[in-house]
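**Student:** Chains as they are written, first to last, in numbering that gives the first Met the number 0: chain A, 0 to 404; chain B, 0 to 404.
There are 2 protein chains.
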Amino acid sequence: MRAKALMTAAFLAVGVDSSEGAWAQDYVVAETPATLIKQVETLRTAGLHDRMGYEIIESLTTEIGPRLAGSAREAAAQDWAVAKLKALGFSNIQVEPFEMEGWARGIETAHVVGAAAQPLTITTLGGSVATPDGGITAEVARFDDLYQLEAAPDGSLDGKIVFIDLKMYKTQDGSSYGNTNYIRGNTPSVAARKGAVATLIRSVGTDSHRFPHTGGTRYADDVPAIPAAALSNPDADQLSRLLERGPVSIKLEMTPKSLGTVTSGNVIADIMGSEKPEEVVVIGGHLDSWDLGTGAIDDGAGIGITMAAAKRILDLGIAPRRTIRLILWGAEEVGLLGARAYAKAHADELANHVIAAESDFGAGRIWRFESRVGAEDLPLSGPFTGNCGLWALAWGRMKRAVAPM
Amino acid sequence: MRAKALMTAAFLAVGVDSSEGAWAQDYVVAETPATLIKQVETLRTAGLHDRMGYEIIESLTTEIGPRLAGSAREAAAQDWAVAKLKALGFSNIQVEPFEMEGWARGIETAHVVGAAAQPLTITTLGGSVATPDGGITAEVARFDDLYQLEAAPDGSLDGKIVFIDLKMYKTQDGSSYGNTNYIRGNTPSVAARKGAVATLIRSVGTDSHRFPHTGGTRYADDVPAIPAAALSNPDADQLSRLLERGPVSIKLEMTPKSLGTVTSGNVIADIMGSEKPEEVVVIGGHLDSWDLGTGAIDDGAGIGITMAAAKRILDLGIAPRRTIRLILWGAEEVGLLGARAYAKAHADELANHVIAAESDFGAGRIWRFESRVGAEDLPLSGPFTGNCGLWALAWGRMKRAVAPM
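1) Three or more C-beta pairs under 8 Å: does that hold for the stretch 121-138 of chain B against the stretch 229-246 of chain B?
2) So, is the C-beta of residue 110 of chain B closer than 7 Å to a C-beta in chain A?
3) Classify residue 408 of chain A: buried if its beta carbon has 16 or more other beta carbons within 10 angstroms, exposed otherwise.
4) Measure the alpha-carbon distance for residue 82 of chain B versus residue 286 of chain B and round it to whole angstroms.
5) Measure the C-alpha to C-alpha separation of residue 392 of chain A and residue 325 of chain A and round it to an integer number of angstroms.
6) Measuring only the C-alpha atoms, how far is residue 64 of chain A from residue 108 of chain B?
7) Bridge partners for residue 324 of chain B per DSSP, in chain order?
8) Quick check on residue 48 of chain A: does DSSP put it in helix, strand or coil?
9) In this structure, what does DSSP give as the bridge partners for residue 93 of chain A?
10) Are residue 66 of chain A and residue 288 of chain A closer than 7 Å when you measure CB to CB?
11) Pick out whichever of A:319, A:361, A:303 and A:86 has its Cα sitting closest to the Cα of residue 52 of chain A.
12) Output yes if chain A places a C-beta closer than 7 Å to the C-beta of residue 115 of chain B; else output no.
13) Just how far apart, CA to CA, sit residue 126 of chain B and residue 296 of chain A?
14) I'd like the ranges of any alpha helix (DSSP H) spanning at least 4 consecutive residues and lying wholly in the stretch 62-141 of chain A.
15) Cα-Cα, which of A:174, A:267, A:319 and A:224 is closest to residue 275 of chain A?
16) Quick check: the Cα distance between residue 156 of chain B and residue 140 of chain B, rounded to an integer number of angstroms?
17) Exposed or buried, residue 96 of chain A, counting other C-beta atoms within 10 Å across all chains shown (16 or more means buried)?
18) Could you check whether the Cβ of residue 170 of chain B sits closer than 7 Å to any Cβ belonging to chain A?
19) Is it buried or exposed, residue 271 of chain A, if we count other Cβ atoms within 10 angstroms and call 16 or more buried?
20) Is the stretch 199-216 of chain A touching the stretch 154-170 of chain A in the sense that three or more CB pairs, one from each, lie closer than 8 Å?
21) Work out the CA separation of residue 194 of chain B and residue 130 of chain A for me, nearest whole Å.
22) For residue 329 of chain B, go through chain A and note every residue whose CB falls closer than 8 Å to its CB, in chain order.
23) Output the boundary residues of the beta strand (DSSP E) element that contains residue 186 of chain B.
24) Using a C-beta to C-beta distance shorter than 8 Å, which residues of chain B count as neighbours of residue 210 of chain A?
25) By the criterion of Cβ-Cβ separation under 7 Å, what are the contact partners of residue 62 of chain B in chain A?
26) Kindly indicate which three-state DSSP category residue 39 of chain A falls into: helix, strand or coil?
27) Checking 7 Å against the spacing of the C-beta atoms, do residue 311 of chain A and residue 280 of chain A come in under that value?
28) Which residues in chain B sit within 8 Å of residue 187 of chain A, going by Cβ to Cβ distance?
29) Along the chain, where does the alpha helix (DSSP H) containing residue 239 of chain B start, and where does it finish?
30) According to DSSP, residue 159 of chain B sits in a beta bridge with which residue or residues?
31) Using 8 Å for Cβ pairs, my map puts residue 137 of chain A next to residue 248 of chain A. What's the rounded Cβ distance?
32) Let me know the secondary structure DSSP gives residue 300 of chain A once reduced to three states.
33) Should residue 240 of chain A be flagged as near chain B, meaning a C-beta pair shorter than 7 Å?
34) CA-CA distance, residue 284 of chain A and residue 362 of chain A?
35) Nearest by alpha-carbon distance to residue 306 of chain A: which of A:267, A:340 and A:336 is it?
36) Of the residues B:269, B:187, B:294 and B:149, which one's Cα is nearest the Cα of residue 212 of chain B?
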């Protein structure tokens, strides 16, 4: 993601060089301007050889720590971002606040009751309602996946705790996350429709330690909202083994709280365009994180990647043709609330947004590029790629982005 | 450890074959009796090709779960053990109870206070005292290891929270655990002597997840007992990074409780000897575990290994010459209390104990044998070893064990 975001930004930055004509209009040129290539190479080399991105991530995750959407620590992260951007030399910095419904984790315990009495490690899913006073004690009904649960007759799970035991397997492209995490948001309402009183899902992760993955859940309007938690992988294994022996009842106690209306915000820094300042190119990551970690990967990495890329462009000393807007989104994890607030606040200018990209897939060595470059245009990416096809992705996306202009 | 314990037991079992003279008296024979070798091979083959050991571990850790010394769940594990031994065909089964001081974990939280306010994940060390009402808020004093702390002048840490940031590195033979875990028991009293009010240690483990390792601590009589906890490795990293930036204060809240006198016990099963029934060979593992896991490795593995080995010997259908005593120790993790109680209760018979071994180093594939077999005796182990020197260890230890007789 680092390379992708950096290159996207770099591409737009070098658009300032219009010595051979406006780039957006002649993106199908057979030859890439030599000056442009040189500027891109300068950015790429700088990006690959400094530690600026890491230092930004390290600062955010160490000094702020967890920063749940709408919390005091997310607000502290906004202050951190403004100070960091100023220190890096940005001048057009704004915080755009917006309101949202706050939520905070409470106590969260699960205990098998009866002969095999023992604690199980759970984490409350973001946005979950609490258990009633005294907790919920009920028998567990296990399902291999959400589809199996959906096939259960309505009312067939009256008073039960539904357990979705779907395992996530490692895939290098991360696709298994998308193939698994649908159970997190969808299980509570499907289960409630069948009469269930609470839900447990197997932690959406491929780890084997006893620290379950959180993430948010959601509720449909037409069924009761029931408490929702995730079991760590070893605890899900344990519960499955117990269920092989016979019925299992669990006592759940979860005390998350709705906090009413709280404030989040997007932090925005512009590098003003020289030729078409009203046209905007957006890059960024999200400033909020879940509360159980420090959000180093999700999404400190995106913050570090895009803030460092913007800083490199700033240091190039050439105003870009269009305005490059770095947005450090607030409350992204809990439903893209920052993006929605931005779209609402900037409704009149949306047509002037040429492209927008969020870096939110972690960071690491490049192992594959996806590209939408057609076979006939592949030679165009050559000058940018060097030995590794580095530019194909940005080039392909840029073509699609500017084509409708 | 599986192989070691099994072989030790097997060795003693085949001692029944005295067709070529009492084995203990002629262990320096140049030739190993062929009948003995065959019986040993029968046991070894059986042990390597069934799943009995695993099934015992799976049953204990699933059906009982965590079983802290002196707790109701340790008592449940004793009941489990008696029922399992009966089901396996053992007839001489005893539970020998003993009294101990009980302890139970409570709430355990740590928060950095001030500008970098954030939670840190800790676990209270076993036996630790609680923090005073309202917790302890104090500045952290970091040390690379216990030796550096010992070098600090008395009184120089008045009111501070001592943090021992000693890292454990992976070593295949597990030696790094022994080289690191001395900080767990020793830090509180050394720190208290310097004036500290609480201690944190880096989790004694090589993992990188946010689930700290517990284990017990202890207190010297001549200094105040102060609360002691472990930080997970990522949290210790985080605290170190914060300390590089300047002073850090932490609020600690820990509410463990002393439970007064509670009961633990050893579960004992004898395979009576035919020729010297009063002479005892002890094998076993410990039934108690820490409360944060299910004790599958520490020490479900030892229970499974030794109970299965004893069962194999039982199934051989030949009464051993000496009595083989399987002891499933209680309250081992909190200071070998089961062993001490046994030694006291059996003081009169201790001289009749020929050898005793506890399997408590986990389980896994064999990668190395330690042996005390002298060069001149190495050929003796040959017949037992096949291709892998399997018997060297047991043979070497047996020689040392029987030599004083």
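Note that the Cβ used here is the ideal one computed from N, Cα and C, for glycine as well.
**Tutor:** Per the coordinate set shown:
1) yes
2) no
3) Residue 408 of chain A is absent from the model: chain A starts at 0 and stops at 404.
4) 14 Å
5) In this prediction, residue 392 of chain A has a pLDDT of 38, which is less than 50 and means its spatial position is unreliable; what the coordinates show is noted afterwards. Approximately 20 Å between the Cα atoms of the pair.
6) 16 Å
7) B:269 and B:281
8) helix
9) A:267
10) yes
11) A:303
12) yes
13) 36 Å
14) 71-87
15) A:319
16) 8 Å
17) exposed
18) no
19) exposed
20) yes
21) 44 Å
22) Simply none; closest approach about 18 Å.
23) Segment 181-192 is the alpha helix (DSSP H) holding residue 186 of chain B; no beta strand (DSSP E) there.
24) 208, 209 and 210
25) 115
26) helix
27) no
28) Simply none; closest approach about 26 Å.
29) 232-244
30) DSSP lists no partner for residue 159 of chain B.
31) 6 Å
32) helix
33) yes
34) 12 Å
35) A:267
36) B:294
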